[in-house]
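Which chain is which? The protein sequence lines are A and B, in order. At position 197 of the first sequence the residue is numbered 197 (the UniProt record's numbering), and the sequence of numbers has no breaks. At position 512 of the second sequence the residue is numbered 512 (the UniProt record's numbering), and the sequence of numbers has no breaks. Take a look at the structure set out below.
Protein chains: 2
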Amino acid sequence: MSYTAPVKDMLFAINELAGLDRVSSLPGFEDANAETAQAVLDEAARFSEEVLAPLNVEGDRNPSSWKDGVVTATPGFKEAFRQYAEGGWQGVVHPGEYGGQGLPKLLATPCIEMLNASNLSFALCPLLTDGAIEALLTAGTEAQKQTYVPKLISGDWTGTMNLTEPQAGSDLALVRTRAEPQGDGSFKVFGTKIFITWGEHDMAENIVHLVLARTPNAPEGVKGISLFIVPKFLVNEDGSLGARNDVHCVSIEHKLGIKASPTAVLQFGDHGGATGYLIGEENRGLEYMFIMMNAARFGVGMQGVAVADRAYQKAVAYAKERVQSRPVDGSAKQSVAIIQHPDVRRMLATMRALTEGARALAYVAAAHSDIAHRHADEAVRADHQAIYEYLVPVVKGWSTELSIEVASLGVQVHGGMGFIEETGAAQFYRDARILTIYEGTTAIQANDFVGRKTLRDGGAVAKVLLAQIDESIEALWEHASFESSAAFQALHRHLTAGRAALANVVEFVLEHAKGDPNAIFAGSVAYLKLAGIVLCGWQFARALLVAASKRDEDPSFYGAKVATAHCFATQILPQALALEASIVEAKNNEGLLALTEAQF
Amino acid sequence: MSYTAPVKDMLFAINELAGLDRVSSLPGFEDANAETAQAVLDEAARFSEEVLAPLNVEGDRNPSSWKDGVVTATPGFKEAFRQYAEGGWQGVVHPGEYGGQGLPKLLATPCIEMLNASNLSFALCPLLTDGAIEALLTAGTEAQKQTYVPKLISGDWTGTMNLTEPQAGSDLALVRTRAEPQGDGSFKVFGTKIFITWGEHDMAENIVHLVLARTPNAPEGVKGISLFIVPKFLVNEDGSLGARNDVHCVSIEHKLGIKASPTAVLQFGDHGGATGYLIGEENRGLEYMFIMMNAARFGVGMQGVAVADRAYQKAVAYAKERVQSRPVDGSAKQSVAIIQHPDVRRMLATMRALTEGARALAYVAAAHSDIAHRHADEAVRADHQAIYEYLVPVVKGWSTELSIEVASLGVQVHGGMGFIEETGAAQFYRDARILTIYEGTTAIQANDFVGRKTLRDGGAVAKVLLAQIDESIEALWEHASFESSAAFQALHRHLTAGRAALANVVEFVLEHAKGDPNAIFAGSVAYLKLAGIVLCGWQFARALLVAASKRDEDPSFYGAKVATAHCFATQILPQALALEASIVEAKNNEGLLALTEAQF
């Protein structure tokens with residue numbers, strides 16, 4: 001099997017760290033208990049392992065292809081998508097009234113992880129469709145919801161996000177695509193969109209493009225952008241498909257990775273105008289798009305966890321099989337499997353620690369989202385929403401940054417074979433490289449993290465989390481295992497130091513953002529990484545407490561968790577201090593900000 | 001121009017850091033003065049920029065190809081190689097008596113950097129040829145030298161290193177290729193070698209393969225390996241080419257990067273035996289191969305510097321051109337070039353600092369090598385040789401590890417365009433990925449660094465370098481600029497801390513290597529990286545002292561050096577503490593070493 005879903009670790013994160021019991025006590029989630037979790041994950045694992053994982057290499061070797069405006073997905077993808085649709089997987093998290101299963105995000109999240117680990121390129125299509133569904137449910141009219149959402153959930157149709165234009169990447173203020181009202185409630189859309197993931201393909205009968213465009217006389221900048229539905233095929237009153245709309249794929253990109261996922265250049269309105277329908281109110285398009293973006297950003301964070309885990313699994317398999325050199329401790333006279341060598345064990349343990357930590361944090365974030373949506377008490381909802389929103393840029397930014405490092409270590413474990421494409425390790429290194437870029441680069445996440453998530457509330461949420469970390473630090477200290485466990489001591493020591501670094505940086509950001517914004521934003525990515533490291537370290541502290549008390553129930557699993565927590569403490573957490581130093585010494589016009597444009 | 005050789009910074013490193021005056025005072029290097037340096041570098045720059053750089057993308061798009069045993073290099077490469085040969089570039093560092101120019105390694109090193117920065121795939125052919133020349137000069141008979149070396153230096157022929165076999169990668173004890181004596185002084189060689197860089201091609205009329213093989217009844221393991229010359233075409237007494245030898249390229253690899261460089265599977269002796277000639281003594285092959293390896297390892301370290309610089313230059317060019325978003329400090333009302341944004345400046349400055357630091361350290365190492373070869377005093381030679389040997393694994397391991405990070409940052413600066421292959425940034429990310437693997441993985445470098453370079457002399461060389469670092473720290477403190485310069489203060493503070501971390505780790509390695517080798521070797525890569533960071537930080541301290549005193553002579557250049565040193569101090573040097581922590585807490589059977597094979 002080329003991918004084995006880590007169901008046991010997922011259930012550990014769901015049950016012990018994210019707190020499934022709390023989620024299943026929310027209104028509407030009563031059935032989402034431990035048995036449901038096990039059943040859903042087992043079924044998702046089967047589908048991912050058996051149907052999607054074998055197609056991953058195929059997608060790299062036979063990318064989706066373009067000819068005369070038609071995009072044909074990698075062989076096997078269309079049939080796999082049909083099975084995906086029939087299995088009801090697109091609807092896991094969406095409401096039952098539109099055909100979904102209405103499960104909590106906490107249970108949808110491992111499904112997303114498995115989907116992406118087994119086949120990142122394939123999974124992008126459902127990920128974008130999820131975003132389109134979210135935006136329609138939030139801002140669409142009831143008629144729009146009824147027209148589009150059930151078809152998207154059933155997998156008959158898929159969805160896309162159309163933001164980027166050649167001159168407007170991270171800077172959506174520069175969007176030029178225009179939408180002209182036709183007097184009948186519809187619009188004609190004209191413009192060029194690039195980097196449209198699964199923007200054209202043959203896996204579904206229709207594609208629902210959600211498109212940012214400007215109406216006539218709209219204000220300049222981001223306050224003049226509206227959101228439109230532009231279906232590939234117009235939809236008749238009875239729901240059947242009508243005329244082909246004037247949106248055409250003029251090319252797809254030749255990319256470093258995720259080659260099976262067609263990245264389209266879409267031309268709107270070259271033949272008279274593409275028919276579009278306004279979603280929600282005019283000029284509020286960016287706001288609605290952010291609904292899609294936030295769902296998608298969390299999803300991309302899970303892609304980071306997913307590709308990291310897949311790279312880890314592949315490296316472990318190779319390291320157990322490849323025999324090379326005698327052990328350095330003289331414990332054998334002949335060559336041994338390279339997993340016996342300390343540096344290979346270091347690489348594998350580091351890959352594992354980074355991946356498990358990122359998984360734990362993302363699942364915890366998912367539970368906050370569920371509580372934020374469903375809790376009976378509005379204040380509780382607000383508190384959890386704030387924490388979730390603080391965590392989204394971290395889940396997106398940190399999980400994807402580490403996925404590149406993990407995939408690179410995966411290549412390294414393979415030695416020379418890692419550089420040979422047929423081995424397959426290099427695909428993860430190439431695929432992962434997009435994750436820190438799309439749905440907002442790490443810098444964009446970090447800007448959000450500093451601006452909306454830290455400065456706006458004066459660091460209030462950050463301090464709530466710091467207080468929760470303190471409780472875990474205290475619990476480590478008070479635990480019966482502390483005296484005898486090197487893992488407890490190491491995690492206590494390094495999490496305490498990391499927590500202090502994070503607290504200092506939050507204060508630094510609050511203090512200097514106004515007076516020296518350049519220095520703060522120069523350190524913003526480091527602040528995001530620091531938060532990622534400390535928050536994942538915190539999850540390991542919580543995991544260690546559980547593992548210590550349950551160790552006898554499953555010595556191998558919990559023993560591995562103790563060792564992995566220990567590894568995270570000594571290999572990853574110390575980086576917090578380096579990140580802190582890189583941030584707090586930044587000043588405008590000094591050091592890295594002193595180089596003028598001409599000097600570069 | 002897609003590549004502009006950084007001649008000014010190279011000359012700074014040569015003259016001010018490596019000390020060209022000291023090298024040009026050595027016997028035989030009298031002509032290697034500042035004028036020569038300038039002239040050689042200018043000419044190498046012209047050739048690299050004009051002839052080789054434009055072919056770099058071509059090599060990625062049209063890799064060298066195999067058909068029926070014949071390998072055809074990327075279009076344009078054969079003609080470029082002819083120009084390379086005619087320019088005398090293969091002989092820069094080799095002795096005049098065989099047709100070389102006999103220049104110091106200190107002046108050959110920037111040439112190697114430019115060659116690799118302009119075209120990494122192309123440069124591998126000369127790099128391997130250099131190794132073959134070194135091995136022949138060291139261990140060959142006079143007749144062998146006369147037969148092969150002038151032709152290799154003239155570029156009529158090229159050289160290869162044949163070590164790896166399918167079952168013998170890092171572990172050369174497993175080499176199975178056999179060599180049977182024919183009674184006439186020649187041998188028949190039989191076996192399969194893989195991963196042979198430029199192992200077959202059409203750029204030269206002959207290829208001189210240097211091959212590791214076992215003679216009958218040779219001892220097992222690495223003590224039974226001998227080195228053989230196996231030319232593609234046998235050489236007649238008069239030096240003309242004779243019969244085609246029984247060595248054939250049966251395939252070349254499909255690789256992640258360096259695609260223009262054919263990586264051959266060579267079959268020796270399938271048609272009766274490949275004629276080979278023993279070099280030096282039987283069973284000492286590994287020793288001779290290490291001569292090639294050490295030259296090649298330094299060369300691969302330079303490849304790291306080279307690809308990092310090229311990735312940096314490309315990212316700077318894009319960042320100056322791409323307009324996106326308003327400045328965060330409100331200094332402009334319209335969108336600006338992204339180089340104005342603090343996070344982009346952070347990425348570019350970090351790329352620059354890593355690259356310049358690695359360049360400086362490598363050039364300093366090259367000067368040590370020159371003194372070690374030519375100084376009149378044997379004790380001085382021995383001291384410098386010991387320092388050079390300590391630095392080689394650092395130059396190889398650290399420069400290549402950072403090149404991956406720099407190339408990845410280069411992609412990130414380009415945003416979505418970075419992921420599109422036509423942009424070209426992704427090529428560096430793919431190409432760089434081999435550098436930490438071939439000529440010994442980073443772990444192999446780190447093993448060497450711990451074993452042969454630290455333990456064997458009880459840390460003596462490490463302590464010599466630590467004492468020299470102390471002198472530079474003291475000089476920062478005593479400098480007139482200290483009080484007023486944030487760069488001086490930051491570098492003083494972080495270099496002091498980094499130096500202490502390195503010293504602690506050296507002691508830790510010395511103390512525990514025997515009792516807990518697994519822990520030491522689990523931390524060996526971190527020790528190598530720590531040394532790389534501190535030693536490069538030290539070069540920045542030395543550079544800062546020069547820049548402060550010369551600033552008025554060239555405010556832009558020296559001002560940039562001050563800023564870059566400051567950037568290295570706050571962005572890179574603090575990582576020393578994290579690395580120290582990851583090393584000194586390692587214990588066998590704890591943390592990352594506690595996971596059993598089954599638990600992975």
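The C-beta atom is built at its ideal place from N, Cα and C for all residues, glycine as well.
Beta carbon of B/L227 nearer than 7 angstroms to that of B/I279: yes
Would A/Q599 pass as an interface residue toward chain B - the criterion being a Cβ-Cβ separation below 7 angstroms? yes
Run the CB neighbour count on A/N245, radius 10 Å, all protein chains shown included, and call it buried at 16 or more, exposed below. buried
Kindly identify the DSSP beta-bridge partner or partners of A/S226. A/A213
Evaluate A/T350 with the Cβ neighbour count: other Cβ atoms within 10 Å of its Cβ, from every protein chain shown; 16 or more gives buried, anything less gives exposed. buried
Threshold first: 4 residues or longer. Then list the alpha helix (DSSP H) segments lying entirely within the UniProt domain "Acetyl-CoA dehydrogenase-like C-terminal" (466-587) of chain B, N to C. 486-512, 517-522, 524-550, 555-567, 575-584
Could you name the residues of the same chain whose beta carbon sits closer than 6 angstroms to that of B/Y148, not counting the 5 residues immediately before and after it, in chain order? L136, V208
What residues from the segment 321-340 of chain A come within 7 angstroms of chain B, judged by C-beta to C-beta, listed N to C? Q324, S325, V328, D329, S335, I339
Short check: CB of A/P110 to CB of A/L152, under 7 angstroms? no
Give me the Cα-Cα distance between A/A586 and A/H368, rounded to the nearest whole angstrom. 34 angstroms
DSSP on B/V23, reduced to helix/strand/coil? helix
Interface residues of chain B facing A/T441 [CB-CB closer than 8 angstroms]: Q412, G415
For A/S121, count neighbouring C-beta atoms within 10 Å of its own C-beta (all shown protein chains included) and say buried if the count is 16 or more, exposed if not. buried
Members of the segment 249-272 of chain B that neighbour chain A once the beta carbon cut-off is set at 7 angstroms: E253, H254, K255, L256
Of the listed residues A/S556, A/F187, A/L26, nearest to A/R381 (C-alpha basis): A/L26
Against chain B: residues of the segment 523-551 of chain A by CB proximity under 9 angstroms: G523, S524, V525, A526
Out of curiosity, what's the CA-to-CA distance linking B/G416 and A/Q144? 32 angstroms
Nearest-angstrom beta carbon gap, B/D343 and A/A260 [assumed within contact, 8 angstroms]: Between B/D343 and A/A260 the Cβ distance is about 31 angstroms, and since that is not below 8 angstroms, they are no contact.
My guess is that A/W198 and A/P262 are in contact by the Cβ rule of under 8 angstroms, so how many angstroms apart are they, rounded? 6 angstroms
Option nearest B/L107 by Cα separation, candidates B/D184, B/G76, B/L20: B/L20
In the DSSP assignment, find the unbroken alpha helix (DSSP H) run with A/I153 in it and report its ends. 142-154
Using a Cβ-Cβ cutoff of 8 angstroms, what residues of the segment 53-74 of chain A are near chain B? List them in chain order. none
Looking at the structure shown, is residue 605 of chain B part of a helix, part of a strand, or coil, going by DSSP? Only positions 1 to 600 of chain B appear in this structure, which leaves residue 605 of chain B out of reach.
Do A/V394 and A/G285 have their C-beta atoms within less than 7 angstroms of each other? no
To the nearest angstrom, how far is it from the Cα of A/L573 to the Cα of A/L174? 40 angstroms
Report yes if the C-beta distance between A/A179 and A/V189 is below 7 angstroms; otherwise report no. yes
Contact belief for A/L52 with A/L127 at Cβ below 8 angstroms, rounded distance in angstroms: Actually they do not touch by this definition, with Cβ atoms about 13 angstroms apart.
Starting from the Cα of A/V509, find the closest Cα among A/A522, A/I473, A/R499, A/G498 and give me that residue. A/A522
With respect to the beta strand (DSSP E) encompassing B/G276, which residues constitute its N-terminal and C-terminal limits? 274-279
Counting only beta-carbon separations shorter than 7 angstroms, does B/L127 have a partner in chain A? no
DSSP beta-bridge partners of B/C249: B/L266
Consider the Cβ of A/R359: report whether some Cβ of chain B lies at a distance smaller than 7 angstroms. no
Would B/L348 and B/Q539 be called neighbours here (beta carbons separated by less than 7 angstroms)? no
Taking the continuous alpha helix (DSSP H) assigned at A/N56, which residues delimit it? 55-61
Indicate whether A/A594 and A/A565 have their beta-carbon atoms separated by less than 7 angstroms. no
Nonlocal neighbours in the same chain, by C-beta distance under 7 angstroms from A/R310, ignoring five residues either side: Y3, A117, F428
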